[in-house]
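J.:
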Amino acid sequence: MSERAENRAASPEGGRDPGQVPPAQARRLWHLLEPLHAVLYYAPEVFEEVGALGYSTEDRWPSYFPMRAAPLGAVGGRVVASAFYSFQPGMVARHIDDAWRTAAPEAVLAARLRGIDRTYRTLFGDRAGSPEMVEAAALARRAAAAADPAGRPLAAANAALDWPTEPHLQLWQAATILREHRGDGHLAALLTAGLDPSEALVSFAATGAASVERFASRGWTPQEWTAARERLTARGLVDADGRATEAGRELRRRVEQDTDRLALGPWQALGPEDSERLAVLLGDYWVTVIGSGLLPSESTLGIGKV
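Set out below in structure tokens:
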């Protein structure tokens with residue numbers, strides 16, 4: 001939030017200015033938009049498209065890394081690991097260092113758009129072109145256009161892509177820009193809190209945000225996980241059983257609060273009425289995606305728990 005916005009956030013009476021969007025609304029809209037973006041990494045239609053390029057689809061990781069990284073260009077594993085942060089660098093390198101020999105980033109971008117087009121048409125049917133979709137896409141695009149890309153490489157890379165013409169694809173692209181904008185801000189919050197990539201996961205798992213087994217999908221070895229837990233224990237953030245101490249929970253609360261604050265800019269630009277209208281419009285599409293069974297019931301993002 002800018003200094004001017006912060007100065008306007010509180011009314012003379014000490015309450016919130018009704019013209020401001022509260023940080024909780026940024027979190028609510030993230031909860032609604034994240035599944036609309038993330039279905040990309042699970043939908044069979046998307047797997048067919050990237051499989052045709054030559055990527056393995058036996059599990060989601062061989063296509064996840066190139067699809068998410070493609071807006072950055074043909075970058076290597078070190079760059080992607082930096083931008084994605086919480087994945088074990090060796091795991092990233094295994095999937096990304098040869099990815100651009102399979103297909104160029106431009107081909108991957110085209111495939112992911114074809115895949116999400118097919119996925120949305122399957123999930124939403126006639127609603128993919130409904131007046132509600134047109135309105136939701138316009139509002140989400142306005143918010144995405146207001147997302148400041150400074151210091152946010154994944155948001156900036158996605159924002160630099162051409163906009164598709166169909167409303168349902170505009171909604172997906174806006175959701176992608178906004179979730180990466182929030183994610184880039186989340187990494188800034190983690191860095192400020194002094195949590196390195198493995199510690200970020202261990203400290204989050206310690207709060208009960210998701211099971212340790214779910215976090216294991218990020219590729220850290222048991223030895224690396226234990227070492228991170230020991231570092232957090234030495235700081236008084238995790239106890240001997242791997243559970244967050246009160247200090248650890250407070251640190252994670254601050255991380256989430258900072259993440260909401262840093263994600264607020266696009267929603268402030270959209271305004272409280274239009275932000276609320278978008279939330280209402282997204283509800284039906286959110287229910288459809290969640291009800292499709294495509295997404296896992298437990299997420300390393302802690303949606304529904306934080």
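Numbering (my numbering), first residue to last: 1 to 306. Yeah, the Cβ is synthetic: ideal placement off N, Cα and C, and Gly gets one too. On a predicted model such as this, the values are computed, not experimentally measured, just so you know.
Closest to D196 by CA distance: which of H37, W61, L53 and F87 is it?
T.: Within the sequence shown, the letter at position 196 stands for residue 196. The residue with the shortest Cα to Cα distance from D196 is F87.
J.: Using 8 angstroms as the threshold, is the C-beta distance between L171 and A143 below it?
T.: For this step, residue 171 is matched to residue 171 along the sequence shown. For this step, residue 143 is matched to residue 143 along the sequence shown. Going by C-beta atoms, L171 is not nearer than 8 angstroms to A143.
J.: Taking only three categories from DSSP, how would you classify G15?
T.: Looking up residue 15 in the sequence shown gives position 15. Per-residue confidence for G15 stands at a pLDDT of 41, beneath the threshold of 50, marking its modelled position as unreliable; the derived number appears in the next sentence. Here G15 sits in coil by DSSP.
J.: Where does A10 land, buried or exposed, given buried means 16+ other C-beta within 10 angstroms?
T.: Taking the first residue of the sequence shown as position 1, residue 10 is located at position 10. Residue confidence is low: A10 scores 35 on pLDDT, short of 50, so the model does not pin down where it sits. Its coordinate-derived value is still stated next. It is exposed - the Cβ of A10 has fewer than 16 other Cβ atoms within 10 Å.
J.: For chain D, check one thing: does any of its Cβ atoms lie closer than 8 angstroms to the Cβ of A74?
T.: In the displayed structure, chain D is absent; only one protein chain is listed.
J.: Enumerate in chain order the residues of its own chain whose CB-to-CB distance from D184 is below 6 angstroms, with the five nearest sequence positions on each side excluded.
T.: Your numbering for residue 184 matches position 184 in the sequence shown. Excluding residues within five positions, the ones whose Cβ falls inside 6 angstroms are R152, L154 and A155.
J.: State the Cα-Cα distance for the pair A216 and G129, rounded to the nearest angstrom.
T.: As a working note, residue 216 is residue 216 in the sequence shown. As a working note, residue 129 is residue 129 in the sequence shown. Approximately 39 angstroms between the Cα atoms of the pair.
J.: Once the 5 residues before and after D260 are set aside, which same chain residues still bring their CB inside 8 angstroms of it?
T.: Here the question's residue 260 lines up with position 260 in the sequence shown. Here the set comprises P23, A24, A26 and R27.
J.: Do L161 and P71 come within 8 angstroms of each other at the CB atom, strictly closer than that value?
T.: Along the sequence shown, read from residue 1 onward, the residue named residue 71 stands at position 71. Along the sequence shown, read from residue 1 onward, the residue named residue 161 stands at position 161. Yes, the pair counts as a contact, with Cβ atoms nearer than the cut-off.
J.: Can you tell me the Cα-Cα spacing of T57 and E273, whole angstroms?
T.: Counting from one through the sequence shown, the residue named residue 57 turns up at place 57. Counting from one through the sequence shown, the residue named residue 273 turns up at place 273. Between T57 and E273, the C-alpha separation is close to 42 angstroms.
J.: Does DSSP put A104 in a helix, a strand or coil?
T.: For the purposes of this step, residue 104 is taken as the residue at position 104 of the sequence shown. The answer is coil: DSSP assigns A104 none of H, G, I, E or B.
J.: Does DSSP put V238 in a helix, in a strand, or in coil?
T.: Reading the sequence shown from its first residue, position 238 is the one you call residue 238. It is a strand residue.
J.: For G219, tell me which candidate among R94, L33 and D258 has the shortest Cα-Cα distance.
T.: Translated into the one-based positions of the sequence shown, residue 219 becomes position 219. If we check each option's Cα against that of G219, R94 comes out closest.
J.: Tell me the rounded alpha-carbon separation between A99 and P66.
T.: The sequence position of residue 99 within the sequence shown is 99, counting from 1. The sequence position of residue 66 within the sequence shown is 66, counting from 1. Between A99 and P66, the C-alpha separation is close to 6 angstroms.
J.: Indicate whether the contact test is met: 3 or more Cβ pairs, each with one atom in the region 75-89 and one in the region 41-60, closer than 8 angstroms.
T.: No, the region 75-89 is not in contact with the region 41-60.
J.: Rounded to a whole number of angstroms, what is the C-alpha to C-alpha distance between A200 and R231?
T.: For this step, residue 200 is matched to residue 200 along the sequence shown. For this step, residue 231 is matched to residue 231 along the sequence shown. When rounded, the distance between both Cα atoms is 12 angstroms.
J.: Between R121, W30, E106 and L33, which has its C-alpha nearest A43's C-alpha?
T.: What you label residue 43 is simply residue 43 of the sequence shown in a count that begins at 1. Checked all of R121, W30, E106 and L33; the closest Cα to A43 is R121.
J.: A147: buried (16+ other C-beta within 10 angstroms of its C-beta) or exposed?
T.: Stepping through the sequence shown from its first residue, residue 147 is reached at position 147. A147 should be labelled buried.
J.: Answer yes or no: do L294 and V39 have a C-beta to C-beta separation smaller than 8 angstroms?
T.: Here residue 294 refers to the residue found at position 294 of the sequence shown. Here residue 39 refers to the residue found at position 39 of the sequence shown. For L294 and V39, yes; Cβs fall inside 8 angstroms.
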